[in-house]
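Asker:
2 protein chains.
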Amino acid sequence: MTENDIDLIIKFGGSSITNKDCIETLRVTALEWCAHLVKKCLNSDKNCVIVHGAGSFGHHQAKEYHVSSGYSHLSTKFETDKIKLGFSLTRQSVLKLNASVIENLLKEGIPAISLSPFLSWKTDNRIVQEDGCEMIHAVLNQGYMPVLHGDAVFDKSLGCTILSGDTIIERICEKFEVKKVVFISDVDGIFDKPPNNLEAKLIKHIQVRTDGDIFMDIQTSQSVNDVTGGIKLKLQAAINIVKASPKTTVYISKVSSNSTQDICLNDNLDEKTFDSTKISLKK
Amino acid sequence: MTENDIDLIIKFGGSSITNKDCIETLRVTALEWCAHLVKKCLNSDKNCVIVHGAGSFGHHQAKEYHVSSGYSHLSTKFETDKIKLGFSLTRQSVLKLNASVIENLLKEGIPAISLSPFLSWKTDNRIVQEDGCEMIHAVLNQGYMPVLHGDAVFDKSLGCTILSGDTIIERICEKFEVKKVVFISDVDGIFDKPPNNLEAKLIKHIQVRTDGDIFMDIQTSQSVNDVTGGIKLKLQAAINIVKASPKTTVYISKVSSNSTQDICLNDNLDEKTFDSTKISLKK
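Protein chains in written order, with our numbering: chain G, 1 to 283; chain H, 1 to 283.
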């Protein structure tokens, strides 16, 4: 595969486009806003890849059937068959959300193409062994917009597992030259205290050292992370990305906000003007 | 890929599971019947692959945007972009039907896995160049049931085109040892006159010579075929399959009928007892 530039990977976070408290429930207005944002990006001649989370689609089934742990450790066909059904149910639910995402992009006139990871991504003990980056490349080269998502996939050791959208983004950043990754979230970004704490302050810039450590009050951030595991994982994904791809800048930013729009559309950003978290490698 | 046996490929014909006259309209009862039939086949320990047509899903969009002709012959970006959008719209519509098919199979407790051809099948001037048979093999080996469908795919010469479910079946029969292919149709099979003619008689057995000619009154069949292009193509697909895979027997049979159930479930069939068309190579 020849190397290719991607201007923007936009992650539609599961918590921003779905209501995580109710099974298979879309946040319709948020999803429409996201699709419209993508249209504006394409109109500005940006090369985009969309990745979306699962939110209240798939998670419920994956958890109920323990899809993430696979079935290699199980001894009976009955137990194994149950997880296989859970695997199919999980995929079916995520594909339902994927269909809504594609539908909204098509409504904006965007030639969106669903690249379901199950078919081309494989893991071994949850580590990506085969990826679908060649397919992303082909789809971009033909002038379509690739849409990927967290998915249930085959795993060499476990039988099956869950591959998260964030892991997919990490791999794409390794294989392509990606300028920006924007995680669209249901909060403004990373706070120094839980966001529902009135004293919580948004951390506007997190600089990552080449060894992966970050220049900020670890103790403070730790206490945040304990509360919101989602944000902790998001921050870790962001750190992994900038560590492996120093040219990439990652943003965590709120859905339907001017900041998110500015981040996606403007190449020269004044950090003071937006309320989001920027994560980049310390130069 | 090591060779693998497939007991049954069941094609859910577009005209049997959708109402072709109304855009994106399911025949709910027919689809439920098909899913239940598959469950019975699995209960009889049969190795099944499902392929479904598009019917009133996808066809409309594919026709309106001329997706089948691709865009390589077009000179302007405006024209090309229009077909690309049509390509995405076609896929989105077919995937909607696919989601309903999978949902009905899951309701029967079948671990069905959608293998959307777009991701692994590629054509050159409509001839299959790359197929997804390795993926079908992997999915079967892991104990899941693969579900494929007619789809819009990339074409080396044309840019894009439509890959029919029948072409997919032909290729699967070349790569696997397939015992039976059952085309579930909205009519009993091939008739010697148009089926709405009161004198039309069902042809119960069509024997194909190794050169592809068939032992029947060509003139009569010709007149039928002129009327129902769908059946002509179906017959041609059946002929191609038995020519290339002499061990495979093909049946064209009506949805929700005892004959279809008998054909799928029984290994020793008495041709006199069923009202369907059997197509096999002349021995």
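Where is the CB? At the ideal position from N, CA and C, for every residue including glycine.
Mind listing which residues of the region 95-115 of chain G have their C-beta closer than 9 Å to chain H's C-betas, in chain order?
Answerer: Within the region 95-115 of chain G, the qualifying residues are Leu95, Lys96, Asn98, Ala99, Ile102, Glu103, Leu105, Leu106, Gly109, Ile110, Pro111, Ala112, Ile113, Ser114 and Leu115.
Asker: What residues of chain G sit near leucine 140 (chain H), judged by a beta carbon separation below 7 Å?
Answerer: None at all; the shortest Cβ gap to chain G is about 12 Å.
Asker: Taking the beta carbon of isoleucine 127 (chain H) as the centre, do at least 16 other beta carbons fall within 10 Å, making it buried, or is it exposed?
Answerer: So isoleucine 127 (chain H) counts as exposed.
Asker: Using C-beta distances below 6 Å, list every residue in its chain close to threonine 273 (chain H), excluding the 5 sequence neighbours before and after it, in chain order.
Answerer: Answer for threonine 273 (chain H): no residue qualifies.
Asker: Spatial neighbours of asparagine 268 (chain G) within its chain, please: C-beta separation below 7 Å, excluding the five flanking residues on both sides.
Answerer: Same-chain partners within the cutoff: there are none.
Asker: Which runs of the alpha helix (DSSP H) fall wholly inside the region 130-183 of chain G and span at least 4 residues, in chain order?
Answerer: Here the runs fully enclosed are 133-141 and 165-175.
Asker: Hey, how far is the Cα of alanine 112 (chain G) from the Cα of serine 259 (chain H)?
Answerer: Taking the straight line joining both Cα atoms gives about 42 Å.
Asker: For a cutoff of 7 Å on Cβ pairs, would you count serine 56 (chain H) as touching chain G?
Answerer: It does not: the Cβ of serine 56 (chain H) has no partner Cβ on chain G nearer than 7 Å.
Asker: Enumerate, from N- to C-terminal direction, the unbroken beta strand (DSSP E) stretches of 3 or more residues contained entirely within the region 27-84 of chain G.
Answerer: 48-52, all fully within the region 27-84 of chain G.
Asker: Would lysine 175 (chain H) and cysteine 133 (chain H) be called neighbours here (beta carbons separated by less than 7 Å)?
Answerer: Yes. Within cutoff.
Asker: Here's the rule: buried if 16 or more other CB atoms are within 10 angstroms of the residue's CB, otherwise exposed. What is aspartate 155 (chain H)?
Answerer: By the neighbour-count rule (16 or more Cβ atoms within 10 Å), aspartate 155 (chain H) is buried.
Asker: Using only alpha-carbon positions, find the residue among G:Glu24, G:Cys22 and G:Ala30 that is nearest to aspartate 186 (chain G).
Answerer: Comparing Cα positions, the closest option is G:Ala30.
Asker: My output table needs one value for phenylalanine 118 (chain H): the three-state DSSP class, helix, strand or coil.
Answerer: The answer is helix: DSSP assigns phenylalanine 118 (chain H) an H, G or I state.
Asker: Let me make sure I understand the geometry here. Which of H:Arg209, H:Pro194, H:Ala200 and H:Thr210 has the alpha-carbon closest to that of lysine 232 (chain H)?
Answerer: Ranking the options by Cα distance to lysine 232 (chain H), first place goes to H:Pro194.
Asker: Spell out whether any CB of chain H is found under 7 Å from the CB atom of leucine 85 (chain G).
Answerer: So, interface residue.
Asker: What does the Cβ neighbour count give for histidine 324 (chain G), buried or exposed, with the cut at 16 atoms within 10 Å?
Answerer: This structure does not reach residue 324 (chain G), given that chain G is present from 1 up to 283, and the question cannot be answered.
Asker: If I follow the unbroken beta strand (DSSP E) through isoleucine 252 (chain G), where does it start and stop?
Answerer: Note, isoleucine 252 (chain G): beta strand (DSSP E), 249-254.
Asker: Quick one: using the 10 Å Cβ neighbour count with 16 as the cut-off for buried, is serine 72 (chain H) buried or exposed?
Answerer: Burial call: exposed.
Asker: When you compare each of H:Thr167, H:His137 and H:His149 to serine 116 (chain H) by their alpha carbons, which one comes out closest?
Answerer: Considering only alpha carbons, the answer is H:His149.
Asker: What does the Cβ neighbour count give for serine 221 (chain G), buried or exposed, with the cut at 16 atoms within 10 Å?
Answerer: Caution is warranted here: a pLDDT of 46 is assigned to serine 221 (chain G), below 50, making its placement in the model unreliable, and no coordinate value can be reported.
Asker: Counting only Cβ pairs nearer than 9 Å, list the residues of chain H close to glutamine 92 (chain G).
Answerer: Near glutamine 92 (chain G) (Cβ distances below 9 Å), the residues of chain H are Ala99, Ile102, Glu103, Leu106, Ala112 and Ser114.
Asker: Whose C-alpha, out of G:Lys40, G:Ser114 and G:Tyr65, is nearest the C-alpha of leucine 119 (chain H)?
Answerer: The shortest C-alpha separation from leucine 119 (chain H) is found at G:Ser114.
Asker: Just checking my contact of threonine 277 (chain G) with glycine 189 (chain G) at CB under 8 Å: how many whole Å lie between their CB atoms?
Answerer: Sure, about 3 Å apart at Cβ, within 8 Å.
Asker: Can you give me the C-alpha to C-alpha distance between isoleucine 10 (chain H) and isoleucine 184 (chain H), rounded to a whole angstrom?
Answerer: Roughly 7 Å separates the two Cα atoms.
Asker: Using only CA atoms, which one of G:Lys20, G:Gln61, G:Ala54 and G:Asp7 lies nearest to serine 364 (chain G)?
Answerer: An answer regarding residue 364 (chain G) cannot be provided, because it is not within the stretch 1 to 283 covered by chain G.
Asker: Leaving out five residues on either side along the sequence, give the residues of the same chain with a beta carbon under 6 Å from the beta carbon of glycine 14 (chain G).
Answerer: Cβ within range, chain order: Gly53, Ala54 and Gly55.
Asker: Looking at the secondary structure, which residues open and close the beta strand (DSSP E) in which isoleucine 6 (chain G) lies?
Answerer: Looking at the DSSP string, the run of the beta strand (DSSP E) that includes isoleucine 6 (chain G) is 5-12.
Asker: Taking beta-carbon pairs under 9 Å, can you tell me which members of the region 45-75 of chain H lie near chain G?
Answerer: Of all residues in the region 45-75 of chain H, none has a Cβ within less than 9 Å of some Cβ in chain G.
Asker: Which chain H residues are close to glycine 143 (chain G), counting only those with a beta carbon under 7 Å from its beta carbon?
Answerer: Simply Lys84.
Asker: How is aspartate 262 (chain G) classed by DSSP in three states: helix, strand or coil?
Answerer: It is helical.
Asker: Quick one: which chain G residues come within Cβ less than 9 Å of phenylalanine 154 (chain H)?
Answerer: The answer, in chain order, is Ala138, Val139 and Gln142.
Asker: How many Å lie between serine 280 (chain G) and asparagine 266 (chain G) at the Cα?
Answerer: In a straight line, the C-alpha of serine 280 (chain G) is about 17 Å away from that of asparagine 266 (chain G).
Asker: List, in order along the chain, the chain G residues whose C-beta lies closer than 7 Å to that of serine 120 (chain H)?
Answerer: Going along chain G in sequence order, the residues near serine 120 (chain H) (Cβ under 7 Å) are Leu119.
Asker: How many Å lie between tryptophan 121 (chain G) and aspartate 131 (chain G) at the Cα?
Answerer: Tryptophan 121 (chain G) and aspartate 131 (chain G): Cα-Cα distance of roughly 4 Å.
Asker: Please work out which residues of its chain come closer than 6 Å, Cβ to Cβ, to glycine 70 (chain H), disregarding the five sequence neighbours upstream and downstream, and give them in chain order.
Answerer: Asp155, Leu158, Gly159, Cys160 and Thr161, listed in sequence order.
Asker: Please tell me whether threonine 18 (chain H) has its Cβ less than 7 Å away from any Cβ of chain G.
Answerer: For threonine 18 (chain H), the answer is no, since every Cβ of chain G falls outside 7 Å of its Cβ.
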